[in-house]
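Read the structure below first, then the notes.
Residue numbers (the numbering used here): 158 to 571.
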């Protein structure tokens, strides 16, 4: 079975709001074995919505729609669906009771316009929205399914998890679609492809290999489809093991997870602690590390020393080092990492100092230059990076490279 996703909203087309809904839905559908053919965004326009829905129904058995279910004049999805399916709006008493209860819980007055949230087409199956006021709607037409959900991401995900995915599994899913992943670092995808070309060529038709490069790492994802989930997973694990054995020196994880989780698992495994001294990244690396539940067991903290005064007064970097070598230098990064070990009383430290975008003053340092140092009580390693993008992406790259540098240091790979 295949599906298409339509996201509705002028804000999506003008770039005011990032469409995260279609990515989440596509991943959720893929996980239960439903292939996504297309993802389409349209504005708050009934003609455009009709055109998109007609076109997607020509090729997909399931169409999922998000957006346009609010109580305001620009929320036109519900009236459109009534017209499209020849229905009329009726008040659903269960939805009305739920909406009123939400307003009581939030200590807000229930307005007449909020009654619209309880109105649904009389020929749909109502999908309960446990955390919001706009219910989802399930329609069936000529053997195909059309599902409409609110555009608010956390409401959409609640309806998908509670209502949509269980129904889709029951109605459509037969074969299992499973994935296993390896994460590598240190070589590019061309090198990896050359190294495992015989293993890739030997894969059976129901197993596919995808190369997914990102900053500093290449993920290898094996996807298998079959009617016996247990046997399929065993086969995928066997193939994963074969590839991992071939690429032994560059494999950093045997499951798909962000770098902050990989780093956290390593620190937990060896019983070590980590502290940071962040300049140009402004605490962003600490933010990512603390996204991991239980990070307090290994993460001591971060000193965000954005200005030189803080590097000197709080972190304890000697003023002469900054004056002689500059703030973006190997020497300053080294001093920051050493000082962080003492200041944070940690087993390992990482420092980051750099120039992510043009500053107020002219600098001889090229934009995108970042120095990092990682240290423990006995040794220190430094590395210079040069990033070539805008400020936001340079910061993202810096923290990813920083986490990878710590991981390699902990595993004696640098």
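Think of the CB as a built atom: it goes at the ideal place given N, C-alpha and C, for glycine as much as any other residue. Quick caveat, the model's predicted, so the values are computed rather than measured.
Between the CA atoms of residue 497 and residue 503 - distance to the nearest angstrom: One C-alpha to the other measures close to 8 Å.
Collapsed DSSP secondary structure at residue 278 in the structure displayed: The answer is strand: DSSP assigns residue 278 an E or B state.
Residue from 202, 215, 222, 253 whose Cα sits closest to the Cα of residue 230: Of the candidates 202, 215, 222, 253, the one whose C-alpha sits nearest the C-alpha of residue 230 is 202.
Spatially closest choice to residue 177 from 564, 264, 223, by CA coordinates: Nearest to residue 177 by alpha-carbon distance, out of 564, 264, 223, is 223.
Residues sharing a beta bridge with residue 336, DSSP: Partner(s): 380.
Through-space distance from residue 452 to residue 421, alpha-carbon basis: Rounded to the nearest angstrom, the two C-alpha atoms are 7 Å apart.
Helix, strand or coil at residue 403 [DSSP, three-state]: It is helical.
Validate contact between the stretch 522-540 and the stretch 484-498 using beta carbons, cut 8 Å, 3 pairs: Because the criterion of three Cβ pairs below 8 Å is met, the stretch 522-540 and the stretch 484-498 touch.
CB contact flag (residue 458, residue 501, <9 Å): A contact, by the Cβ cut-off of 9 Å.
Straight-line gap, residue 435 to residue 539 (C-alpha atoms, nearest Å): A direct Cα-to-Cα measurement between residue 435 and residue 539 gives close to 15 Å.
Which residues DSSP lists as bridging residue 293, in chain order: Under DSSP, residue 293 forms a beta bridge with 284.
Whole-number beta carbon distance between residue 404 and residue 341, since they are thought to touch under 8 Å: Between residue 341 and residue 404 a beta carbon distance of about 6 Å is seen, short of the 8 Å cut, so the two are scored as contacting.
Cβ pair count under 8 Å reaching 3, the stretch 322-340 against the stretch 378-397: Between the stretch 322-340 and the stretch 378-397 there are three or more inter-stretch CB-CB distances shorter than 8 Å, so the stretches are counted as touching.
Spatial distance of residue 338 from residue 377 (CA atoms): The C-alpha of residue 338 lies about 6 Å from the C-alpha of residue 377.
Exposed unless 16 or more other CB atoms sit within 10 angstroms - verdict on residue 395: Answer is exposed; the Cβ neighbour count stays below 16.
Three-state secondary structure assigned by DSSP to residue 270: DSSP places residue 270 in helix when its eight states are reduced to three.
Reduced DSSP secondary structure (H/G/I, E/B, other) of residue 491: Collapsing the DSSP output to three states places residue 491 in a helix.
Paired residues, beta bridge with residue 527 - DSSP: In the DSSP secondary-structure assignment, residue 527 is bridged to 511, 542.
8 Å contact criterion, which residue 305 and residue 234 should meet: CB distance rounded: Taking a contact as a CB-CB distance under 8 Å, the pair residue 305 and residue 234 counts as one, their CB atoms being some 6 Å apart.
Residues that DSSP places opposite residue 254 in a beta bridge: As far as DSSP is concerned, residue 254 takes part in no beta bridge.
Proximity to residue 258 [Cα-Cα], best of 287, 543, 361: Checked all of 287, 543, 361; the closest Cα to residue 258 is 287.
Residue 313 - partner residues in DSSP beta bridges: Answer by DSSP bridge pairing: none, since residue 313 is not bridged.
Per-residue DSSP class, three states only, for residue 213: Reduced to three states, the DSSP call for residue 213 is helix.
Whole-Å CB distance - residue 162 paired with residue 221, under 8 Å assumed: Contact between residue 162 and residue 221 is confirmed by a C-beta separation of about 5 Å, below the 8 Å threshold.
Cβ contact (3+ pairs, closer than 8 Å) linking the stretch 183-191 and the stretch 241-248: Result no; under three Cβ-Cβ pairs closer than 8 Å.
Residue 168 CB to nearest heavy atom of the ligand NAD below 8 Å: In the structure shown, the ligand NAD is absent, as is every other ligand, since no ligand is present at all.
Residues of its chain near residue 513, where Cβ-Cβ distance is below 6 Å and the 5 sequence neighbours each way are ignored: 437, 548, 551, 552, listed in sequence order.
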